[in-house]
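See structure below.
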Amino acid sequence: PDIELVDLKHIPLDNGLTRPALQALADTLARGEQSLVFLNRRGYAPALYCPSCAWVSPCPRCSARLVLHRTAHRLKCHHCGFEARIPAECPGCGNPDLKPLGQGTQRLEETLAALLPAARLRRIDRDTMRPRAWAELGEAVHGGAVDILVGTQMLAKGHDFPNMTLALILDTDGALYSPDFRATERLFAQLMQVAGRAGRADKPGRVLIQTAFPDHPLFRYLQRHDYAGYARTLLAERKQLELPPATRQVLLRAEATTMDAALAFLQRAAALAPDMADVSVFGATPAAMARVANLERAQLLVQSASRLALQAFVRDWRPRLDGIRPRVARWSLDVDPLVF
Numbered sequence: 004p005d006i007e008l009v010d011l012k013h014i015p016l017d018n019g020l021t022r023p024a025l026q027a028l029a030d031t032l033a034r035g036e037q038s039l040v041f042l043n044r045r046g047y048a049p050a051l052y053c054p055s056c057a058w059v060s061p062c063p064r065c066s067a068r069l070v071l072h073r074t075a076h077r078l079k080c081h082h083c084g085f086e087a088r089i090p091a092e093c094p095g096c097g098n099p100d101l102k103p104l105g106q107g108t109q110r111l112e113e114t115l116a117a118l119l120p121a122a123r124l125r126r127i128d129r130d131t132m133r134p135r136a137w138a139e140l141g142e143a144v145h146g147g148a149v150d151i152l153v154g155t156q157m158l159a160k161g162h163d164f165p166n167m168t169l170a171l172i173l174d175t176d177g178a179l180y181s182p183d184f185r186a187t188e189r190l191f192a193q194l195m196q197v198a199g200r201a202g203r204a205d206k207p208g209r210v211l212i213q214t215a216f217p218d219h220p221l222f223r224y225l226q227r228h229d230y231a232g233y234a235r236t237l238l239a240e241r242k243q244l245e246l247p248p249a250t251r252q253v254l255l256r257a258e259a260t261t262m263d264a265a266l267a268f269l270q271r272a273a274a275l276a277p278d279m280a281d282v283s284v285f286g287a288t289p290a291a292m293a294r295v296a297n298l299e300r301a302q303l304l305v306q307s308a309s310r311l312a313l314q315a316f317v318r319d320w321r322p323r324l325d326g327i328r329p330r331v332a333r334w335s336l337d338v339d340p341l342v343f
């Protein structure tokens with residue numbers, strides 16, 4: 004399908020949607036064809052916010068925000084599973100006028116229902132899909148009972164919907180400048196999958212992506228459907244920066260009741276590391292998600308250009324880690340880590 008970029012620097016958003024995006028949905032609906040709208044964030048909104056004191060719904064067990072799920076009347080943590088009722092007033096200042104902050108699939112569905120009242124909507128995310136739901140969804144879409152699918156990465160699954168001619172992709176810019184060096188690789192693959200849902204069979208497809216960074220190299224390759232070209236670009240960057248797959252990594256993870264204990268364990272582990280010239284041991288740092296389920300998390304990265312050298316390092320190091328006393332932290336070794 005043809006891939007078009009909607010430049011958010013020049014076209015304003017209204018409830019997360021631009022005028023060209025809304026017009027494309029309306030035109031597709033008028034032709035009797037189907038659309039999908041992709042937003043990889045479930046829930047009603049990423050957080051609940053107090054405009055008076057700037058309180059933002061925190062998870063008491065994690066360094067994360069509680070996500071607003073309005074239909075369930077709950078605040079939920081997507082990391083540890085903690086749930087709470089939606090408060091009647093701000094816990095910080097007592098303000099009763101709390102607002103949703105940002106947009107999830109529930110809120111997007113509500114917005115589209117208001118803007119396109121004639122459209123028959125179906126939301127697809129972990130909150131709506133049950134074991135029989137996929138079969139029911141397929142029957143509904145193929146039977147013409149759905150005009151617009153709204154959902155998360157579940158939409159990217161390889162379903163063939165011949166009458167689906169428009170894919171609208173929202174709010175993916177965060178991955179373009181993520182500290183995770185694999186973020187753009189994952190995003191490219193995800194966007195290719197979502198774009199592939201539009202324009203099957205004999206009907207041409209159209210893909211609209213709302214972005215504030217239309218000049219990013221990822222989009223140039225995406226518009227050409229050039230996965231191999233983008234892969235070559237990323238591989239060259241990784242080689243220059245000495246990142247996988249040009250190098251090999253092992254991540255020592257530690258969890259403890261306090262961050263001091265987790266970091267102390269990792270510092271002791273670094274002191275016990277074998278001295279090998281072709282293996283680099285980096286300093287201990289808190290994890291990107293530093294607290295989950297009341298446990299503080301930290302990590303220590305080990306890297307080498309040689310897989311054999313890294314394997315020898317780990318064989319020598321692991322018994323030393325087992326011998327660390329006192330046992331103040333739970334630890335694990337993650338070979339070729341994908342998440343930091």
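Using my numbering, you'd call the opening residue of the sequence shown number 4 and step up by one each time. For glycine and all other residues, C-beta sits at the position ideal for the given N, C-alpha and C. Since the structure is predicted, the reported quantities are computational estimates derived from the model, not experimental observations.
- Residue state for residue 54 is assigned as coil, using DSSP reduced to three classes.
- Under DSSP, the beta-bridge partners assigned to residue 154 are 41, 127.
- Of 249, 203, 225, the smallest CA-CA separation from residue 165 is found for 203.
- Between residue 262 and residue 82, the CB-CB gap reaches or exceeds 8 Å.
- Annotation for residue 7: 211 place their beta carbon closer than 6 Å to its own, counting only its chain and skipping 5 residues before and after.
- Listed as beta-bridge partners of residue 218 by DSSP are no residues whatsoever.
- DSSP, read as helix, strand or coil, puts residue 36 in coil.
- Distances from the alpha-carbon of residue 94 to those of 246, 220, 239, 56 put 56 closest.
- Taking 8 Å as the cut-off, the Cβ atoms of residue 105 and residue 72 do not count as close.
- Residue 53 counts as buried, since at least 16 other C-beta atoms from the protein chains shown sit within 10 angstroms of its C-beta.
- Relative to the Cα of residue 32, the nearest Cα in the group 76, 323, 275, 119 belongs to 119.
- Comparing alpha-carbon positions, the option among 138, 219, 163, 230 lying closest to residue 208 turns out to be 163.
- Of 75, 80, 24, the smallest CA-CA separation from residue 65 is found for 80.
- A Cβ-Cβ distance of about 7 Å is found for the pair residue 41 and residue 171, placing them in contact under the 8 Å criterion.
- Excluding residues up to 5 positions away in sequence, 64 lie with their Cβ nearer than 7 Å to the Cβ of residue 297 in the same chain.
- The DSSP-derived three-state label of residue 188 is helix.
- In this structure residue 10 touches residue 217 by the C-beta definition: roughly 5 Å separates them, less than 8 Å.
- Around the beta carbon of residue 244, a 10 Å sphere encloses fewer than 16 other beta carbons of the protein chains shown; the residue is thus reported as exposed.
- By the CB criterion at 8 Å, residue 306 and residue 252 fall inside the cutoff.
- With a 10 Å radius around the Cβ and a threshold of 16 neighbouring Cβ atoms, residue 88 comes out exposed.
- The distance from the Cβ of residue 284 to that of residue 273 is about 6 Å, consistent with a contact at the 8 Å cut-off.
- Around the CB of residue 339, fewer than 16 other CB atoms lie within 10 Å, so the residue is classed as exposed.
- Going by DSSP, residue 262 is part of no beta strand (DSSP E) but of the alpha helix (DSSP H) stretching over 262-274.
- Per the C-alpha coordinates, the member of 233, 214, 213, 215 positioned closest to residue 221 is 233.
- Annotated three-state conformation of residue 289 is strand, per DSSP.
- The three-state secondary structure of residue 81, taken from DSSP, is coil.
- When 97, 129, 99 are compared, the shortest CA-CA separation from residue 109 is found for 129.
- Pairing residue 308 with residue 155, the inter-Cα distance amounts to about 37 Å.
- With a 10 Å radius around the Cβ and a threshold of 16 neighbouring Cβ atoms, residue 341 comes out exposed.
- The alpha-carbon separation between residue 43 and residue 241 amounts to approximately 26 Å.
- Contact annotation, residue 90 with residue 48: C-beta distance approximately 14 Å; criterion of less than 8 Å not satisfied.
- For residue 131 and residue 157, the gap between their C-alpha atoms comes out near 11 Å.
- Sorting 146, 343, 315 by C-alpha distance to the C-alpha of residue 289 places 343 at the top.
- For residue 180 and residue 50, the gap between their C-alpha atoms comes out near 22 Å.
- Taken through DSSP and simplified to helix, strand or coil, residue 319 comes out as helix.
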